[in-house]
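Novice:
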Amino acid sequence: MNRTRIPYGDFHLPIQTGCLHSKDICACHDECWARKYARRGLAPHLYNVDFLPQWNWKEWEAPLLLKNPSIILVAFTGDLFGDWMSFIAQERVLEIVRKAPRHTYIFLTKNPSALAQHNPWPKNCFVGMTLTGAESLERQEQMVAAFAEVEGHRWLSYEPVLGELQVNIEGLVDFVIWDGLNSKEIVKPECIRELPWDRVFRKTDLKLLQFYRQPYWRLLEKLVEG
Numbered sequence: 000m001n002r003t004r005i006p007y008g009d010f011h012l013p014i015q016t017g018c019l020h021s022k023d024i025c026a027c028h029d030e031c032w033a034r035k036y037a038r039r040g041l042a043p044h045l046y047n048v049d050f051l052p053q054w055n056w057k058e059w060e061a062p063l064l065l066k067n068p069s070i071i072l073v074a075f076t077g078d079l080f081g082d083w084m085s086f087i088a089q090e091r092v093l094e095i096v097r098k099a100p101r102h103t104y105i106f107l108t109k110n111p112s113a114l115a116q117h118n119p120w121p122k123n124c125f126v127g128m129t130l131t132g133a134e135s136l137e138r139q140e141q142m143v144a145a146f147a148e149v150e151g152h153r154w155l156s157y158e159p160v161l162g163e164l165q166v167n168i169e170g171l172v173d174f175v176i177w178d179g180l181n182s183k184e185i186v187k188p189e190c191i192r193e194l195p196w197d198r199v200f201r202k203t204d205l206k207l208l209q210f211y212r213q214p215y216w217r218l219l220e221k222l223v224e225g
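Numbering follows numbering that gives the first Met the number 0, with no gaps: position 99 of the sequence shown is 98.
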């Protein structure tokens with residue numbers, strides 16, 4: 000587990016890396032920064048050059064060894080909930096979440112249909128889904144319907160912004176993180192302009208860290224009151 004450059008996290012836990020998503024599912028397939036990193040062969044102990052899925056179980060106990068409460072991004076260079084992943088393996092990852100509850104864990108997937116089977120989610124987890132606006136209306140509706148079944152903190156990664164969302168996400172998620180491709184300059188999409196200002200963050204916004212670092216029971220109160 001290493002420090003991460005993603006501004007809303009402290010550490011990245013690469014317990015699962017690589018993915019099998021097609022371009023139909025992952026619109027930024029060829030521009031994926033994790034895929035490019037793997038192809039450069041810079042960390043062969045964590046990634047294979049073809050970016051095929053693999054488990055790195057040596058990383059499993061890393062959160063237990065980390066004493067200070069931290070924000071941990073889980074498997075951000077893979078998709079822990081891809082349809083090629085087993086329920087048992089996913090539950091083993093959640094086991095470490097329950098054993099080290101002092102940390103805040105951030106999850107993200109392009110396959111939200113696999114999330115509800117782990118209900119209810121631990122309170123120290125934020126479960127995310129990626130939408131880019133490039134998906135068809137039918138695909139967006141399917142993803143939103145599946146995501147609505149998740150019992151826990153839900154958030155949306157609207158990154159990279161490749162088009163306007165055609166579905167209503169108000170009330171679906173606790174907050175939204177958005178940005179352009181490779182953090183290039185981009186105007187805030189119209190579909191999220193009407194959402195509460197304290198629930199929509201650009202990825203580089205440091206207010207995110209303040210948001211996450213609140214004890215989760217205070218955060219729950221804030222979300223209920225909001």
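Idealized CB from N, CA, C, for every residue including glycine. Since we're looking at a predicted model, the values are computed, not measured.
By a C-beta neighbour count over all protein chains shown, 10 Å radius and 16 as the cutoff for buried, is H11 buried or exposed?
Specialist: H11 should be labelled buried.
Novice: If you draw a straight line from the alpha carbon of I70 to that of S135, how long is it in whole angstroms?
Specialist: 33 Å
Novice: For the stretch 82-90 against the stretch 121-135, do three or more pairs of beta-carbon atoms, one drawn from each stretch, fall closer than 8 Å, so that the two count as touching?
Specialist: no
Novice: On the criterion of 16 or more Cβ atoms from any shown chain inside 10 Å, does K187 qualify as buried, or is it exposed?
Specialist: Result: exposed.
Novice: Per the DSSP calculation, M128 is bridged to which residue(s)?
Specialist: T108 and L155
Novice: Note the first and the last residue of the continuous beta strand (DSSP E) segment covering I71.
Specialist: Annotation for I71: the continuous beta strand (DSSP E) segment containing it runs I70 to V73.
Novice: Quick one: is D78 buried, meaning 16 or more other Cβ sit within 10 Å of its Cβ, or exposed?
Specialist: buried
Novice: With a 10 Å radius around its C-beta and 16 neighbouring C-beta atoms as the bar for buried, classify K57 as buried or exposed.
Specialist: So K57 ends up on the exposed side.
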